[in-house]
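Under the numbering used here, the first residue of the sequence shown carries the number 1118, and numbering increases by one thereafter. Notes for the one structure printed next.
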Amino acid sequence: MKEIKADNYSIWVGDESLSKLDVSCYSKVAILVDKNTKRDCLSLLPKINNSIVIEVPSGEQKKNISSCNIIWEELSLNNFDRDSVLINLGGGVIGDIGGFCATSYKRGIDFIQIPTTLLGMVDASIGGKLGFNFNDLKNQIGLFSNPKSVIINPIFLKTLSQNQLHSGFAEVIKHALIKNKKHWELLSNSSFKNLDWKHIIEISIQIKNTIVKSDPLEKNNRKKLNFGHTYGHAIESYYLEKKTPILHGEAVLMGIILECELSLLSQNEKNDIKNYILSNFQLPDMPSKNKLMKFLLNDKKNKEAKINFTLLNGIGNCTIDNLFTKDEL
Ligand SMILES: NC(=O)c1ccc[n+]([C@@H]2O[C@H](COP(=O)([O-])OP(=O)(O)OC[C@H]3O[C@@H](n4cnc5c(N)ncnc54)[C@H](O)[C@@H]3O)[C@@H](O)[C@H]2O)c1
1118 MKEIKADNYS IWVGDESLSK LDVSCYSKVA ILVDKNTKRD CLSLLPKINN
1168 SIVIEVPSGE QKKNISSCNI IWEELSLNNF DRDSVLINLG GGVIGDIGGF
1218 CATSYKRGID FIQIPTTLLG MVDASIGGKL GFNFNDLKNQ IGLFSNPKSV
1268 IINPIFLKTL SQNQLHSGFA EVIKHALIKN KKHWELLSNS SFKNLDWKHI
1318 IEISIQIKNT IVKSDPLEKN NRKKLNFGHT YGHAIESYYL EKKTPILHGE
1368 AVLMGIILEC ELSLLSQNEK NDIKNYILSN FQLPDMPSKN KLMKFLLNDK
1418 KNKEAKINFT LLNGIGNCTI DNLFTKDEL
């Protein structure tokens, strides 16, 4: 088992990591799940006497204030006091809303993240961003707050669908491309089916954690994590508007291909990245740049009416705040 030190908490990674789930100091314990993690993941947790289970509906559509109400209501009805703790057992949705509800309940109780999706393990559970969607706007209400600990165990991936695994893998690829050339070489020379998940997850978390620690509130360096996401978000919004939503990771993989085109890479490097992605993952059709323009022009990262990209300047290196006009794209 590996301990990765974050700001003021530890991230435990490995087959034995659940042994680090120590809740003996708390007055009460609640475990937050959705339908799928209740079915597939709850029984893998060590038994916690007198804990309660709170279930909210699964999926991005339910990452809203109604799910928060369910959580606050259950905590209140069960007389949870400020010495209690909430364990978030699920993907990024459960982690984001569970963390938000814990931080705001009675001005803050502790929470522990136990991510059960690849995306949750390598991305959502690290870095303290919490929140929920409001009026169809993603993560419109939210805050920064760190968990007491994060416990990562690849065993949960066994029941995760292939689609969800691919979706989380987009962030693994992104982390390698922006910060660790050796890791990219390892990924691109391995077959997806034979990956050593424990190792892959550990390296990916280390990359995200190092970047977040250098800039927790996303004033500069943390923007590096936006690589692939300017085009990625535009593609995600395009499909959402067409009422045929695609997974976030699928959009990010397509965004990585498009943003590599804008990056300072050799033609060979661009081709290698594109071929690796297209040969390992089946992706939706790539919309034309024209169709994406209205979404790009609305991106909240834009500056001086220009579209803002994080771009590679070599594999394993990137620069932030690269501004392009509509005509330059
Ligand atoms: N806080 C952050 O920094 C951050 C970063 C990236 C993404 N996010 C957020 O994460 C969310 C996406 O997270 P996600 O992709 O994990 O989606 P998700 O939480 O909706 O999980 C995807 C699906 O997998 C199911 N599931 C989860 N674990 C399972 C398991 N082990 N076995 C079987 N089924 C399982 C869930 O019930 C759900 O249906 C988005 O809301 C996004 O905004 C947050």
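For glycine and all other residues, C-beta sits at the position ideal for the given N, C-alpha and C.
Cβ-Cβ separation between residue 1146 and residue 1202: approximately 6 Å, consistent with a contact (criterion under 8 Å). Here the stretch 1297 to 1304 makes no contact with the stretch 1333 to 1343; the two share fewer than three CB pairs at distances below 8 Å. Not one heavy atom of ligand 1 falls within 8 Å of the beta-carbon of residue 1254. The three-state reading of DSSP puts residue 1158 in coil, since its state is none of H, G, I, E or B.
Separation of the CB atoms of residue 1346 and residue 1369 is rounded to 6 Å, and the pair is thereby assigned contact status at 8 Å.
In the three-state reduction of the DSSP assignment, residue 1248 falls in the strand class, which pools E and B. Every unbroken stretch of the alpha helix (DSSP H) spanning 4 or more residues and falling wholly within the stretch 1209 to 1295 is given here in chain order: 1209 to 1221.
Counting only the Cα atoms, residue 1237 lies some 20 Å from residue 1310. When DSSP states are grouped into helix, strand and coil, residue 1369 belongs to the helix group. Counting only residues of its own chain and dropping the five nearest sequence neighbours on each side, residue 1281 has a CB closer than 6 Å to the CB of 1234.
A Cβ-Cβ contact shorter than 9 Å links residue 1250 with residue 1181. Shortest gap from the CB of residue 1152 to any heavy atom of ligand 1: under 8 Å. Scanning 1360, 1132 and 1127 for the CA closest to the CA of residue 1263 turns up 1127. Put simply, the stretch 1400 to 1420 touches the stretch 1347 to 1355. At least three CB pairs are less than 8 Å apart. Around the C-beta of residue 1225, fewer than 16 other C-beta atoms lie within 10 Å, and the residue is accordingly described as exposed. Contact annotation: the stretch 1198 to 1217 touches the stretch 1137 to 1145, with at least three C-beta pairs closer than 8 Å. When DSSP states are grouped into helix, strand and coil, residue 1329 belongs to the helix group. In this structure, residue 1204 has its CB at a distance of at least 8 Å from all heavy atoms of ligand 1. A distance of 9 Å or more separates the beta carbons of residue 1295 and residue 1154.
Ranked by how close their Cα comes to the Cα of residue 1322, the residues 1244, 1132 and 1177 have 1244 in first place. Inclusion of residue 1211 in the 8 Å shell around ligand 1 follows from its C-beta lying nearer than that to a non-hydrogen atom of the ligand. Distance from residue 1326 to residue 1121 at the Cβ level is roughly 6 Å; contact confirmed, criterion being Cβ atoms closer than 8 Å. Residue 1429 is positioned such that its CB atom lies closer than 9 Å to that of residue 1380. With contacts defined as CB atoms closer than 9 Å, residue 1324 and residue 1134 fail to qualify as a contacting pair. Taken through DSSP and simplified to helix, strand or coil, residue 1363 comes out as coil.
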